[in-house]
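Here's the structure we're looking at; comments come further down.
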Amino acid sequence: MLKLSDILVSNKELESFEELIPAIQEIARHGERFFRIDVKPPFSDTPDDWEDRLEAAFSGLVR
Numbered sequence: 005m006l007k008l009s010d011i012l013v014s015n016k017e018l019e020s021f022e023e024l025i026p027a028i029q030e031i032a033r034h035g036e037r038f039f040r041i042d043v044k045p046p047f048s049d050t051p052d053d054w055e056d057r058l059e060a061a062f063s064g065l066v067r
């Protein structure tokens with residue numbers, strides 16, 4: 005199971021929420037089937053609908 009906290013720890017170079025989206029998409033493309041949002045992204049540009057946007061990125065609804 006992919007956890008958001010694991011992505012953030014292993015990708016310390018990410019500087020914004022917008023950079024996080026492609027990172028999640030790339031991991032999902034490599035076959036990860038489950039995604040757990042266990043923390044809020046610590047970026048100043050994190051939008052109010054951040055959970056929905058991350059779920060959409062993981063499930064392939066964002067292109």
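Okay, so the sequence shown: first residue is 5 according to the numbering used here, each after it adds one.
No residue lacks a Cβ here, since even glycine has one placed at the ideal position from N, Cα and C.
Exposure of residue i, with buried meaning 16 or more beta-carbon neighbours within 10 Å
i          : result
residue 39 : buried
residue 37 : exposed
residue 45 : buried
residue 57 : buried
Secondary structure of residue i, DSSP reduced to three states
i          : result
residue 24 : helix
residue 18 : coil
Residue from the options whose Cα sits closest to the Cα of residue i
i          : options        : result
residue 50 : 25, 14, 29     : 25
residue 47 : 30, 21, 32, 64 : 21
Query raised in the report: In chain order, which continuous runs of the beta strand (DSSP E) of length 3 or greater are located wholly inside the region 38-64?
Result: none
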